[in-house]
Each structure stands twice: as structure tokens, then as C-alpha cells.
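> Sequential numbering from 16 applies to the sequence shown in the working numbering.
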Amino acid sequence: MSYANYMPDLSDGDNAVAVNALRSAIMRLSRRLKHQRVDESLSPTEMSVLGTLARCGSATPGELARKEHVQPPSMTRIVALLEAKGLVRLEPHPDDRRQKVVSQTETAEAMLEQSRRKRNAWLAGLAEDLDEDEWAKLRAAAPVLEKLAHL
Numbered sequence: 016m017s018y019a020n021y022m023p024d025l026s027d028g029d030n031a032v033a034v035n036a037l038r039s040a041i042m043r044l045s046r047r048l049k050h051q052r053v054d055e056s057l058s059p060t061e062m063s064v065l066g067t068l069a070r071c072g073s074a075t076p077g078e079l080a081r082k083e084h085v086q087p088p089s090m091t092r093i094v095a096l097l098e099a100k101g102l103v104r105l106e107p108h109p110d111d112r113r114q115k116v117v118s119q120t121e122t123a124e125a126m127l128e129q130s131r132r133k134r135n136a137w138l139a140g141l142a143e144d145l146d147e148d149e150w151a152k153l154r155a156a157a158p159v160l161e162k163l164a165h166l
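1. Have a look at L166 and K82 and give me their C-alpha separation to the nearest angstrom.
2. Tell me the residue span of the beta strand (DSSP E) that contains P107.
3. Would you tell me roughly how many angstroms separate the C-alpha atoms of K152 and W137, rounded to the nearest one?
4. Between which two residues does the alpha helix (DSSP H) harbouring S193 extend?
5. Among L163, C71, L141, E149, which residue has its Cα nearest to the Cα of Q119?
6. Given a threshold of 16 other Cβ atoms within 10 Å of its Cβ, counted over all protein chains shown, does M62 qualify as buried or as exposed?
7. Tell me the DSSP bridge mates of A74?
8. Please report the straight-line C-alpha distance between Q51 and S73, rounded to a whole angstrom.
9. Quick one: does the C-beta of Q86 sit closer than 6 Å to a heavy atom of the ligand GTP?
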């Protein structure tokens, strides 16, 4: 059986309940986590683009649009806003003169690191009351959630 095509049986009450609980918990946690931003002037989409550049490295606006699931004209506007704020730079593409390559600046790297520290501290504070069994479950779930986030 190919896991790429695997669909859990959502008519099974346990699976349906688990999927519903997971969706609800992720949405609530994500909403709360978004409020732990360092720079309130950046939109969540702008932060996401900077995060993608940090994880994946330099990319063309078209590649960023695909990774961020937005239309290319929207990404062009986002990149222009980030460039105006000094958070990304545009450089000529090494193989295609019609293209530009977007890279994050040192300012963006520092801001993202500060943001990660703040969000990690916030999450750690939430998790202070977890017992060892709950921590073990959280450590086991983290790679699965990471996989879901990137499918």
C-alpha cells in the first residue's frame, strides 16, 4: 500500500474525532502563536515568506509563490514590501537574466531568530505543566506534525 494515497477511514468515529481535535487544536495554537511576533508591522504572510527563505535558502519569486501557495503577482508585491523594509534583497538570477533571486538580509535573519526565541519561550511556558508522559507524546508527535506541515 502506498502511504501517499492512504486515507484514514473517517467514518470510523475514533479517526474522525482525532482529525477534528487535531484541526481545532492546531488552529487555536497557531492563532495564539501568531500573536507572539517580534515585528508587528509584518503581516503573517510576510513572516512566512521570510521563514521559507530561512529554511530553503534563496529563491525566485515564482518559487516562493509556489512554496507559499500564493499567486505570482501577490508574491511580487510581498517581495517588494520586504525589500522596501530592508528584509530581502533581489539579485540577478545566475542562469536566467529575466529572473531575480530573493535572499533574506542579515536584518531579517536577526529578526527571525529573535522571533523564534520569543515563540519558543512562549511555547515552553505553556508546556511547563506537562508531565513526562505528555512530553514523550509531544516529542513523538513533533516529526509527524512537521511532516503534515510540509505535505
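All C-beta atoms, glycine included, are put in the ideal place defined by N, C-alpha and C.
On the basis of the coordinates in this document:
1. Between the alpha carbons of L166 and K82 lies a gap of roughly 11 Å.
2. Where P107 is concerned, the enclosing beta strand (DSSP E) stretches over 103 to 107.
3. If you draw a straight line from the Cα of K152 to the Cα of W137, it comes to about 19 Å.
4. Nothing in the structure corresponds to residue 193, since the chain is present only between 16 and 166.
5. It is C71.
6. Buried, since its Cβ has 16 or more Cβ neighbours within 10 Å.
7. DSSP, once it has assigned bridges, lists V117 as partnering A74.
8. Whole-angstrom Cα-Cα distance: 26 Å.
9. Among the ligands in the structure shown, none appear at all, so the ligand GTP cannot be discussed.
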